[in-house]
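Asker: Under numbering that gives the first Met the number 0, think of the first position of the sequence shown as 0, with each following residue one higher.
Each residue gets a CB set at the ideal place from its N, CA and C atoms; glycine is no exception.
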Amino acid sequence: MDSAHVATLSAWWPVVLAVPVLLLGEALVRRIRILSRFDIPAPVVGGLLVSLVILVANALGAWPSQFALKVSAKWWTWLVSTEPEWAGAPAKNVNLPFLVGFFTCIGLNASWDLARRGSWQVVLFLALATVLALVQNVVGAGLAKLLDVSPLLGVICGSVTLTGGIGTAMGFAADFENAGLSNAATAGMAAATFGLVVGGLIGGPVGGGLIRRWGLRSTASPATHLEDAGTRASGILQDLRELAGFGGGALAHFLLICFCIKAGSWVSYFIQQSGLTFPVYIGAMLVGLTLRNALDLAGVRVIQTEVVDTFASALLGLFLAVAMMSLNLIELANAAVPMLVILSAQVAVMAAFAWWVTFPFMGRDYDAAVMAGGHCGFGLGATPNAVANMKSLVERFGPAPRAFLVVPIVGAFLIDFTNALNITVFLNLLR
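(1) Going by DSSP, which residues form a beta bridge with N92?
(2) Would a C-beta distance cut-off of 8 Å place L27 and L34 closer than the cut-off?
(3) Quick check: is the beta carbon of G164 nearer than 8 Å to any beta carbon in chain D?
(4) Along the alpha helix (DSSP H) that carries L428, what are the first and last residues, could you check?
(5) Would you report the Cα separation of W75 and R212, rounded to the nearest angstrom?
(6) Name the one or two DSSP bridge partners that S64 has.
(7) Just the C-alpha distance for H224 and L254, rounded to the nearest angstrom, thanks.
(8) I'd like to check one pair, L426 with D238: are the Cβ atoms closer than 8 Å?
(9) Can you name, in chain order, every residue of its own chain whose Cβ lies under 6 Å from the Cβ of A17, other than the five neighbours on each side?
(10) Measure the Cβ-Cβ separation of F360 and L215 and say whether it is below 8 Å.
(11) Taking one C-beta from the segment 417-426 and one from the segment 241-254 each time, how about it: are there three or more such pairs within less than 8 Å?
(12) What residue range does the alpha helix (DSSP H) around P19 cover?
(13) What is the DSSP secondary structure of V79, counted as helix, strand or coil?
(14) At the level of alpha carbons, what is the spacing between N92 and T167?
(15) So what's D364 in DSSP terms, helix, strand or just coil?
(16) List the endpoints of the continuous alpha helix (DSSP H) containing A381.
(17) Determine the DSSP secondary structure at V301, reduced to helix, strand or coil.
(18) R291: which of V406, T304 and V279 sits nearest, CA to CA?
(19) Taking just the CA atoms, how far does A132 sit from E226?
(20) Would you check if the segment 58-70 and the segment 335-347 touch, i.e. whether three or more CB-CB distances between them fall below 8 Å?
(21) When DSSP labels each residue in this structure, what does L47 get in the three-state scheme?
(22) Let's see if you can read the secondary structure: which residues bound the alpha helix (DSSP H) around F258?
(23) With DSSP collapsed to three states, give me the class of S35.
(24) Could you check the C-alpha separation between I210 and V369 for me, to the nearest Å?
(25) Taking the alpha-carbon of P398 as reference, which of Y365, A419, D415 and N418 has the nearest alpha-carbon?
(26) Near I260, what residues of its chain come up, given a Cβ to Cβ distance below 7 Å and the 5 sequence neighbours on each side ignored?
(27) Using three-state DSSP, classify A335 as helix, strand or coil.
(28) Do the segment 46-56 and the segment 394-408 make contact, defined as three or more Cβ pairs closer than 8 Å?
(29) In angstroms, rounded to a whole number, what distance separates the CA positions of T7 and A67?
(30) In the structure shown, what three-state DSSP assignment does G274 receive?
(31) Once DSSP output is grouped into helix, strand and coil, what is the label at E226?
(32) Which stretch, first to last residue, makes up the alpha helix (DSSP H) that contains L151?
(33) The alpha helix (DSSP H) that contains L199, what's its start and end?
(34) Can you tell which of L328, I281, N182 and T218 has its C-alpha closest to the C-alpha of F193?
(35) Using only the alpha-carbon positions, how far apart do V49 and S325 sit?
(36) When the Cα atoms are used, what is the spatial distance from G199 to W111?
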């Protein structure tokens, strides 16, 4: 389909449709046994179904269209803009406030006690994720040579788009094009889209399979809630009902989350001035973590974990529903056969790595199985996919606080440093 004849729909439509799409996904997961059996997250089911409908409509010429991704309305983007107010802010992804709010909730529920117990596992998981990124590039470049295409395309279909995601793909696109790979940006978008779709589909089966295979059980106490919305089975309507039931407490926590988001955007801005890559959601998460532990240290117990959990559950669902609806599956459908071969092999590598490396190295226990499911999410796509995979697992099998501490920190922030070095090395070796 000629892109000139494809209508671009407002980026606000996915936001408007987010709750209905979530309800659709939840209904399908309840009614279709295979979806619940393999722990496929409801936002992925509902959002992906909308993307598929748009893909079919485009293919048939019935309603050629796609959603815009960014908005510039200051009332929507002000909280998450790292740019100073007087400098003007560029357009932002319409679902960015949901993402930043979700990571803020992770910070607000991260007690120092739990963080101290899990700190060594953060380092270990970062090492495993770095090894996976290296393996992805070796597999990608090797298969590309066997298929008689540029090994640089193999790296694009490796850690650039899978461990790295869309942002990394776009960030390195110019470097790959300068190294001789034409249309690197388009290939990156297609590969990243593939990863987002599949990463949201295989994490549940891998994590759930490990739990069932080894008869694992959660050992966390019911009071341990770092898993941010993961301890209880819930849907978007249940989340909204609970927030309404909290009354003034929900409003107070909403304002607290907004404060952390804006303060985190300033933290991210100042760190970015040094030349470092520092996403706004990491700044917000760190502000939330600092505030939570400062209040705990002072003996001021004003943050109610169950309220933060409910906000996190709703925000994650909304983010994923919008993200999945907005996927441009046309680019994936148009991907060349060599790319699809390489990416299919990467899925097998990811599943095998999570099963035979991530799980045993992280302790062979229940939390390790949940981490393996989460690793499939960000190892093939993005950290929110990882969290959605883990949330789907803990709703069925019980809380996994250690997993919800380790995976988001590594997947959302730390892996970017080691992966950038990894990509740079391969780029220089293969140019």
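Answerer: Concretely, from the data shown:
(1) For the purposes of this step, residue 92 is identified with residue 93 of the sequence shown, where counting begins at 1. BP columns for N92 point to K69.
(2) For the purposes of this step, residue 27 is taken as residue 28 along the sequence shown, with counting starting at 1. For the purposes of this step, residue 34 is taken as residue 35 along the sequence shown, with counting starting at 1. The answer is yes: Cβ separation under 8 Å.
(3) In the structure shown, chain D does not exist; there is a single protein chain.
(4) Indexing the sequence shown from 1 puts residue 428 at position 429. Note, L428: alpha helix (DSSP H), I414 to L429.
(5) Mapped onto the sequence shown, residue 75 falls at position 76. Mapped onto the sequence shown, residue 212 falls at position 213. Roughly 46 Å between the two C-alpha positions.
(6) Your numbering for residue 64 matches position 65 in the sequence shown. According to DSSP, S64 bridges with A6.
(7) On the sequence shown, residue 224 is found 225 positions in, with the first residue counted as 1. On the sequence shown, residue 254 is found 255 positions in, with the first residue counted as 1. Residue placement at H224 cannot be trusted, given a pLDDT of 49 that sits under 50; what the coordinates show is reported in the next sentence. Distance between the alpha carbons of H224 and L254: 21 Å.
(8) Residue mapping note: residue 238 aligns to position 239 of the sequence shown, counting from 1. Residue mapping note: residue 426 aligns to position 427 of the sequence shown, counting from 1. The Cβ-Cβ distance between D238 and L426 does not fall below 8 Å.
(9) Walking along the sequence shown from the start, residue 17 turns up at place 18. Excluding sequence neighbours, A17 sits near L317, A320 and V321.
(10) By 1-based counting over the sequence shown, the position of residue 360 is 361. By 1-based counting over the sequence shown, the position of residue 215 is 216. No, the Cβ-Cβ distance between F360 and L215 is not below 8 Å.
(11) These segments do not touch.
(12) Position 20 of the sequence shown, counting from 1, holds the residue named residue 19. W11 to R30 is the extent of the alpha helix (DSSP H) around P19.
(13) Here residue 79 is taken as the residue at index 80 of the sequence shown, counted from 1. Coil.
(14) Walking along the sequence shown from the start, residue 92 turns up at place 93. Walking along the sequence shown from the start, residue 167 turns up at place 168. Each residue's Cα considered, the two are about 15 Å apart.
(15) Locating residue 364 in the sequence shown gives position 365, counting from the first residue. In this structure, D364 counts as coil in the three-state DSSP scheme.
(16) Taking the sequence shown and counting its residues from 1, the one referred to as residue 381 is at position 382. Unbroken run through A381: none, as it is neither H nor E.
(17) Working through the sequence shown from its first residue, we reach residue 301 at position 302. In the three-state reduction of the DSSP assignment, V301 falls in the coil class, being assigned neither a helical nor a strand state.
(18) Indexing the sequence shown from 1 puts residue 291 at position 292. Ranking V406, T304 and V279 by Cα distance to R291 puts T304 first.
(19) Numbered from its first residue, the sequence shown carries residue 226 at position 227. Numbered from its first residue, the sequence shown carries residue 132 at position 133. Model confidence at E226 stands at a pLDDT of 45, short of 50, so the residue's coordinates are unreliable; what they give is reported in the following sentence. Distance between the alpha carbons of E226 and A132: 25 Å.
(20) In short, these stretches do not touch, since the Cβ pair count stays below three.
(21) If you number the sequence shown from 1, residue 47 lands on position 48. Residue state, collapsed to three classes: helix.
(22) Residue 258 sits at position 259 when you count from the first residue of the sequence shown. Residue range G247 to Q271 is occupied by the alpha helix (DSSP H) that includes F258.
(23) Here residue 35 refers to the residue found at position 36 of the sequence shown. If DSSP states are grouped into helix, strand and coil, S35 belongs with the helices.
(24) For the purposes of this step, residue 210 is taken as residue 211 along the sequence shown, with counting starting at 1. For the purposes of this step, residue 369 is taken as residue 370 along the sequence shown, with counting starting at 1. Spanning the alpha carbons of I210 and V369 requires a straight line of approximately 8 Å.
(25) As a first step, residue 398 must be located in the sequence shown, where it is residue number 399. If you compare the alpha carbons of Y365, A419, D415 and N418 with that of P398, the shortest gap goes to Y365.
(26) Your numbering for residue 260 matches position 261 in the sequence shown. Excluding residues up to 5 positions away in sequence, L78, V79, V99, G100, T103 and A283 lie with their Cβ nearer than 7 Å to the Cβ of I260 in the same chain.
(27) Residue 335 sits at position 336 when you count from the first residue of the sequence shown. In this structure, A335 counts as coil in the three-state DSSP scheme.
(28) As far as the Cβ criterion goes, the segment 46-56 does not touch the segment 394-408, which means the pair count is below three.
(29) Counting from 1 along the sequence shown, the entry for residue 7 is found at position 8. Counting from 1 along the sequence shown, the entry for residue 67 is found at position 68. In a straight line, the C-alpha of T7 is about 6 Å away from that of A67.
(30) Taking the sequence shown and counting its residues from 1, one reaches residue 274 at position 275. Of the three classes helix, strand and coil, the one that applies to G274 here is coil, per DSSP.
(31) Here residue 226 refers to the residue found at position 227 of the sequence shown. With a pLDDT of only 45 at E226, under the threshold of 50, the placement of this residue in the model should not be trusted; the figure read from the coordinates follows. Note: E226 maps to coil in three-state DSSP.
(32) Within the sequence shown, residue 151 is the residue found at index 152, counting from 1. Taken as a continuous stretch (DSSP letters only), the alpha helix (DSSP H) holding L151 covers P150 to V154.
(33) Mapped onto the sequence shown, residue 199 falls at position 200. Per the sequence shown, residue 199 should be read as Gly rather than Leu. A183 to W213 is the span of the alpha helix (DSSP H), which, as asked, contains G199.
(34) Within the sequence shown, numbered from 1, the residue matching residue 193 stands at position 194. Per the Cα distances, L328.
(35) By 1-based counting over the sequence shown, the position of residue 49 is 50. By 1-based counting over the sequence shown, the position of residue 325 is 326. If you take the alpha carbons of V49 and S325, they lie about 9 Å apart.
(36) Position 200 of the sequence shown holds residue 199. Position 112 of the sequence shown holds residue 111. Taking the straight line from one Cα to the other gives about 30 Å.
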